[in-house]
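Following: one structure in structure tokens, then a few remarks.
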Amino acid sequence: MLAALEELKRAKIPFWFEGVSALDQYYKVPNRPFFYVLVDGSLVDLAKILPGIRFPGREHIDAEFEQSDEAVVYFRCKETQGSRWTPSPLFSPLYDPIQGKYLDPLGVYGTLRKKSVDINEIGALRGYESALLIARYGFQIEPPKEELPRESTTLDVATQRDLLTLVLTGKHTASGLQFLFETGYFHRYWPELGVLKDVSHSKEYHPEGDVWDHTTETFTYRKNPDLAISLALLLHDVGKPHAQTWEGRKFDKHAEIGTRIASQFLRRLGFPEPLVTKVLFLVRNHMMPGALKTLPIYRVEKVLESVWFPELLEVYRCDLSSTFRGPGGYYEACKVYRAFLRNKKNPFRTVEGKKIQRIREPFVMQRGRS
18 MLAALEELKR
28 AKIPFWFEGV
38 SALDQYYKVP
48 NRPFFYVLVD
58 GSLVDLAKIL
68 PGIRFPGREH
78 IDAEFEQSDE
88 AVVYFRCKET
98 QGSRWTPSPL
108 FSPLYDPIQG
118 KYLDPLGVYG
128 TLRKKSVDIN
138 EIGALRGYES
148 ALLIARYGFQ
158 IEPPKEELPR
168 ESTTLDVATQ
178 RDLLTLVLTG
188 KHTASGLQFL
198 FETGYFHRYW
208 PELGVLKDVS
218 HSKEYHPEGD
228 VWDHTTETFT
238 YRKNPDLAIS
248 LALLLHDVGK
258 PHAQTWEGRK
268 FDKHAEIGTR
278 IASQFLRRLG
288 FPEPLVTKVL
298 FLVRNHMMPG
308 ALKTLPIYRV
318 EKVLESVWFP
328 ELLEVYRCDL
338 SSTFRGPGGY
348 YEACKVYRAF
358 LRNKKNPFRT
368 VEGKKIQRIR
378 EPFVMQRGRS
């Protein structure tokens, strides 16, 4: 159990997982970037037992606590429940991690079990809530032709970041992203990505469709919902709408252009700087694995030495597989990388694998003293 929750337990303050966290527990979703916790206590109670707790002043979060190497915990106090914000019915279940019991105050278990929402239930859902149900739990929800009735207030930046994080770390990310796109979220909040649908691809190299179709297709080949890899997949071609054709290359320098756009996007949403640095490395170099077999090692040695290169290979594998060209290029890149690591450890070879010629010192016989 998280350290913050252990402190609540020790102080005998009742608490429950709520919203996404309760549903994650019910559906056994493994990747949980943060926890939503309802507390039967006050902000004063939380401040007493959790030094360093923050009060962000967000609509549906009273306090937040983050400890190194642990997920962020978002607290909502029971005394403020219903005063400012209430979740949609499908997000009303609670889970008591101490007793291992679920609470279903609004009787939505039947809907949660069948993973589909009736037409008369859609009006009670916010658009982003529907996207979460789709991306994390595999719900079947058709996008409405018009904006959802409850979609009235603008999402603050922190909520946008949390929404994107939860969708990207779900098992059905592509479907969740598509729902957000079709309901106008990308054009409203993330226009850098909203324009990808307007950029066409050559059918010879990208039979899967335009740049947006290609981007969402990459997620179907992802092995695990790692946030850095997922953000890199989302942003790897964000530079294409702004790239020019040069000497037969339709999207010349789109990786470099995309890195600048991705930097602005990630920092605007307030993602942690270490995560931003890693994602920008993946976006900037996402084309490089495909050229490894033709490039001299000295030109790419710095990138190959990076601890993030295995993640770069995973981004390349998803990018390549989405074009239906097969994984051949990925295996070639892996072969070059393994050879580089092997040669790097070998004191008798260069990083290119060439033997190092060692010059022997001439043997000189010394006369002993008489």
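Its first residue numbered 18, the sequence shown is counted upward by one per residue in the working numbering.
Where is the CB? At the ideal position from N, CA and C, for every residue including glycine.
Bear in mind the structure is a predicted one, so any value in this text is a computation, not a measurement.
Here GLY275 is buried. Its C-beta has 16 or more other C-beta atoms within 10 Å.
Non-local beta-carbon contacts of ARG178 in its own chain, meaning distances under 8 angstroms to residues more than five positions away in sequence, involve LEU286, GLY287 and PHE288 in chain order. The beta carbon of GLN84 sits closer than 6 angstroms to those of ALA20, all from its chain and outside the five residues before and after it, given in chain order. Rounded to the nearest whole angstrom, the CA to CA distance from LYS319 to ARG301 is 13 angstroms.
Between ILE246 and GLU328 the beta-carbon gap is near 6 angstroms, inside 8 angstroms, which marks them as a contact.
In this structure, the beta-carbon distance from LEU60 to ALA39 does not fall below 8 angstroms. Here GLU146 carries a helix assignment [DSSP, helix/strand/coil].
Taking a 10 Å sphere around the C-beta of ASP173, we find fewer than 16 other C-beta atoms and assign the residue as exposed.
Counting C-beta pairs with one atom in each stretch, the segment 349–368 and the segment 247–257 have fewer than three that are closer than 8 angstroms, which means they do not touch.
In the three-state DSSP reduction, LEU312 falls in the coil class, being neither helix nor strand. In the DSSP assignment, LYS352 falls within the unbroken alpha helix (DSSP H) covering 345–362.
Judged by DSSP secondary structure, LEU283 falls outside any beta strand (DSSP E) and instead within the alpha helix (DSSP H) spanning 271–285. Counting C-beta pairs with one atom in each stretch, the segment 235–244 and the segment 195–206 have fewer than three that are closer than 8 angstroms, which means they do not touch. PRO104 counts as buried, since at least 16 other C-beta atoms from the protein chains shown sit within 10 angstroms of its C-beta. Burial state of LYS131 is exposed, judged by a 10 Å Cβ sphere holding fewer than 16 other Cβ atoms. Around the beta carbon of HIS231, a 10 Å sphere encloses 16 or more other beta carbons of the protein chains shown; the residue is thus reported as buried.
ALA191 sits buried, since 16 or more C-beta atoms from the chains shown fall within 10 Å of its C-beta. A residue is called buried when at least 16 other Cβ atoms come within 10 angstroms of its Cβ; GLU146 meets this threshold and is buried. Comparing alpha-carbon positions, the option among ILE78, GLU23 and LEU67 lying closest to GLU35 turns out to be ILE78.
Annotation: PRO114 to LYS45 spans about 13 angstroms, alpha carbon to alpha carbon. LEU149 and THR367 have their C-alpha atoms some 50 angstroms from each other. Under the three-state reduction of DSSP, LYS267 is assigned to strand. Residue burial annotation: ALA152 is buried, with at least 16 other C-beta atoms found within 10 angstroms of its C-beta.
For VAL37, the closest C-alpha among the options ILE70, ASP57, TYR91 and ASP86 is that of TYR91.
Distance from the CA of ILE314 to the CA of CYS351, rounded to the nearest whole angstrom, comes to 14 angstroms.
Put simply, the backbone Cα of SER339 is about 12 angstroms away from that of TRP229.
Under DSSP, the beta-bridge partners assigned to PHE51 are VAL89. Judged by DSSP in its simplified three-state form, ILE70 adopts coil rather than helix or strand. With contacts defined as CB atoms closer than 8 angstroms, VAL332 and ALA249 qualify as a contacting pair. Inter-residue distance for ALA308 and LEU210 is about 26 angstroms (C-alpha atoms, whole angstroms). The DSSP-derived three-state label of VAL332 is helix.
In the DSSP assignment, TYR112 falls within the beta strand (DSSP E) that extends over 111–113.
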